[in-house]
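Counting in the UniProt record's numbering, the sequence shown runs from 1 upward without gaps. For every residue, glycine included, the Cβ atom is placed at its ideal position computed from N, Cα and C. Encoded as structure tokens, the structure appears first; notes follow it.
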Amino acid sequence: MNQSVTRPAVPVKVLRVALLGAGTVGRKVATILLEHADDLAAKAGCRLEVSGIAVRDATKPRAGIDPALLTEDAAGLVANSGADIVIELIGGLSPAKELIVSAIEHGASVITANKALLASHGDEIFAIAERNGVDVYFEAAVAGAIPIVRPLRESLVGDEIRAVMGVVNGTTNYILDKMSTEHQDFNQALAAAQDLGFAEADPTADVEGYDAASKAAILASLAFHSSVPGSAVYREGITDVTPEDIEAAAAMDCVVKPLAIARVDEQGRIEVRVHAAMVPLTHPLAMVHGPNNALVVEAANAGRLMFLGPGAGGSPTASAVTGDLVTVARNRVRGVVGPAHSLYQALATAPMGQTRTRYYLRFKVADQPGVLAAVAGILARHEVSVHSIRQTPTANGDDPATARVSMMTHIARESDVAACLGELENSGFVIGPVRLVRAEGV
Ligand code: NDP
Ligand code: HSE
Numbered sequence: 001m002n003q004s005v006t007r008p009a010v011p012v013k014v015l016r017v018a019l020l021g022a023g024t025v026g027r028k029v030a031t032i033l034l035e036h037a038d039d040l041a042a043k044a045g046c047r048l049e050v051s052g053i054a055v056r057d058a059t060k061p062r063a064g065i066d067p068a069l070l071t072e073d074a075a076g077l078v079a080n081s082g083a084d085i086v087i088e089l090i091g092g093l094s095p096a097k098e099l100i101v102s103a104i105e106h107g108a109s110v111i112t113a114n115k116a117l118l119a120s121h122g123d124e125i126f127a128i129a130e131r132n133g134v135d136v137y138f139e140a141a142v143a144g145a146i147p148i149v150r151p152l153r154e155s156l157v158g159d160e161i162r163a164v165m166g167v168v169n170g171t172t173n174y175i176l177d178k179m180s181t182e183h184q185d186f187n188q189a190l191a192a193a194q195d196l197g198f199a200e201a202d203p204t205a206d207v208e209g210y211d212a213a214s215k216a217a218i219l220a221s222l223a224f225h226s227s228v229p230g231s232a233v234y235r236e237g238i239t240d241v242t243p244e245d246i247e248a249a250a251a252m253d254c255v256v257k258p259l260a261i262a263r264v265d266e267q268g269r270i271e272v273r274v275h276a277a278m279v280p281l282t283h284p285l286a287m288v289h290g291p292n293n294a295l296v297v298e299a300a301n302a303g304r305l306m307f308l309g310p311g312a313g314g315s316p317t318a319s320a321v322t323g324d325l326v327t328v329a330r331n332r333v334r335g336v337v338g339p340a341h342s343l344y345q346a347l348a349t350a351p352m353g354q355t356r357t358r359y360y361l362r363f364k365v366a367d368q369p370g371v372l373a374a375v376a377g378i379l380a381r382h383e384v385s386v387h388s389i390r391q392t393p394t395a396n397g398d399d400p401a402t403a404r405v406s407m408m409t410h411i412a413r414e415s416d417v418a419a420c421l422g423e424l425e426n427s428g429f430v431i432g433p434v435r436l437v438r439a440e441g442v
């Protein structure tokens with residue numbers, strides 16, 4: 001029996017979309033917009049017509065993109081093309097900020113993947129958008145394809161978020177994962193991440209933690225309804241993680257992960273930090289491999305939720321951008337805007353010294369009677385309690401009168417551990433620096 005299939009009527013309303021940037025992400029967004037126009041129209045309830053694509057160099061060949069759409073005049077495209085929606089995929093602070101503000105002031109809704117910009121000027125941009133009655137959507141700014149912005153902003157808004165912890169940078173997770181699982185060299189793994197399109201234009205943003213700090217700031221703002229700028233995030237990169245750290249973690253059934261952590265402490269302040277940390281192999285974040293990202297959200301009523309998936313790369317990020325595009329288009333068709341950025345709490349951020357977690361410490365000592373007792377004395381004076389300790393002879397080639405001590409502490413305060421490090425390094429029996437790696441979920 002033949003069954004007739006009812007197709008949705010092709011929407012007649014047209015929204016004009018200006019795309020700024022046709023690099024790793026922009027190129028993929030352009031391709032989806034051009035190749036899946038009917039499908040997107042059916043979902044959005046309007047046709048999405050590309051009014052132009054701004055790039056730095058319009059003469060570069062770009063497969064699948066009609067050269068007639070390209071322009072090097074991004075400001076002109078925003079101001080003069082009658083765009084209803086502007087998608088900013090240029091990156092960086094300027095001219096991205098000026099272009100976004102201009103788009104909003106010309107009445108366009110904006111979609112951006114630009115976490116660096118939102119972490120430094122987000123509040124200002126959201127305020128201008130609210131005044132002008134347009135949307136600013138940014139799902140792609142945190143964790144690529146993983147829906148996390150909308151769950152925090154909408155699905156979980158009735159709950160009380162207590163902590164968000166995760167891997168939010170694909171490049172550094174890829175590097176540490178390759179160092180752990182394939183014993184690859186740091187630079188070799190970074191070069192591969194760049195080739196695969198995960199790394200930022202300047203990979204310093206990835207390996208020094210700036211990218212993750214921007215994302216942590218956005219997550220903390222959303223989770224705790226407070227303004228948290230990127231500059232409030234404690235940040236360490238992964239460039240000083242050594243193969244020895246990775247081996248030490250493995251010996252303790254842990255793995256080193258690039259973490260972003262945002263939580264509310266006992267005093268009701270926001271603790272927000274980005275650094276490499278050891279996590280047990282049994283922890284859900286230990287299973288996050290390659291350029292994948294993952295987030296564990298702890299909420300008063302929902303309990304513990306985990307979000308996992310591709311956190312970088314053209315197609316995954318374009319998925320988040322086009323999801324925002326359909327949502328923003330639907331809003332415009334209905335003449336509404338999405339929820340405003342909610343910052344009603346105004347919580348303070350806690351100084352890093354007040355952080356409480358566990359610490360792995362490693363150092364070389366003179367192998368003499370009383371040294372371990374002296375080490376224990378220093379830790380005890382600062383109320384740092386040892387969970388486990390190991391002394392091993394130093395490697396071949398080292399002075400045989402020295403030994404290597406490695407230990408894991410119980411939960412301790414960062415400022416107390418820092419004081420121990422200072423005293424240990426000046427004690428006369430500790431040789432060289434003390435290596436510290438924080439440990440989470442142990
Ligand atoms: P790329 O460097 O690959 O692309 C940037 C694009 O912007 C290029 O097409 C470039 O033109 C264009 N451009 C740069 N400056 C200007 C300017 N002044 N005027 C007009 N066009 C300009 O960046 P990505 O695609 O990797 O990243 C874009 C955004 O998405 C960034 O904010 C990034 O942080 C974010 N993001 C990226 C992810 C990824 O995996 N790559 C994942 C999540 C977010 P031309 O091609 O001529 O050089
Ligand atoms: N450079 C970023 C990363 C892109 O490696 O995660 C995604 O934001």
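What's the call for residue i, buried or exposed, on a 16-neighbour Cβ count within 10 Å?
i, result
"residue 443", "The first residue shown for the chain is 1 and the last is 442, placing residue 443 beyond what the model contains."
"T355", "buried"
"Y344", "exposed"
"A30", "buried"
"R390", "exposed"
"G432", "exposed"
"S51", "buried"
"L222", "buried"
"N2", "Since pLDDT at N2 reaches only 49, below the 50 mark, its modelled position is unreliable, and the value read off the structure follows with that caveat. Under this definition N2 is an exposed residue."
"N426", "exposed"
"H341", "buried"
"P369", "exposed"
"G422", "exposed"
"A329", "buried"
Beta carbon of residue i: closer than 7 Å to some heavy atom of the ligand HSE?
i, result
"residue 443", "No answer is possible for residue 443: the residues shown for the chain start at 1 and end at 442."
"G311", "yes"
"E200", "yes"
"G144", "yes"
"D206", "yes"
DSSP three-state label for residue i, please.
i, result
"V375", "helix"
"S342", "coil"
"T112", "strand"
"N2", "Here N2 scores only 49 on pLDDT, less than 50, and its place in the model should not be relied on; the value that follows carries that caveat. Here N2 sits in coil by DSSP."
"G52", "strand"
"N301", "coil"
"L259", "strand"
"K364", "strand"
"R381", "helix"
"Y137", "strand"
"V12", "coil"
"T59", "coil"
Would you check whether the ligand NDP has a heavy atom nearer than 7 Å to the C-beta of residue i?
i, result
"L20", "yes"
"A212", "no"
"T322", "no"
"K97", "no"
"K60", "yes"
"L89", "yes"
"G197", "yes"
"T31", "no"
"K115", "yes"
"D399", "no"
"R56", "yes"
"T172", "no"
"T327", "no"
"residue 446", "Outside the displayed range of the chain (1 to 442) lies residue 446, so it cannot be described from this structure."
"V86", "no"
"V101", "no"
Check the DSSP bridge columns for residue i and list the partner residues they point to.
i, result
"H410", "BP columns for H410 are empty, so no partner."
"I87", "L19, I111"
"M306", "V296"
"C254", "P280"
Could you pull the start and end residues of the alpha helix (DSSP H) that residue i belongs to?
i, result
"H121", "115-132"
"L152", "Element bounds for L152: n/a, residue is neither H nor E."
"N80", "74-80"
"P316", "314-334"
"G26", "24-35"
"P95", "No alpha helix (DSSP H) holds P95; DSSP gives it neither H nor E."
"V207", "204-207"
"I218", "210-224"
Identify the continuous beta strand (DSSP E) that holds residue i and give its terminal residues.
i, result
"V386", "386-393"
"E271", "270-280"
"A168", "One detail in the question is off: residue 168 reads as Val in this sequence, not Ala. No beta strand (DSSP E) contains V168, which DSSP labels as neither H nor E."
"P291", "Segment: none, P291 is in no beta strand (DSSP E) and carries neither H nor E."
"L436", "430-439"
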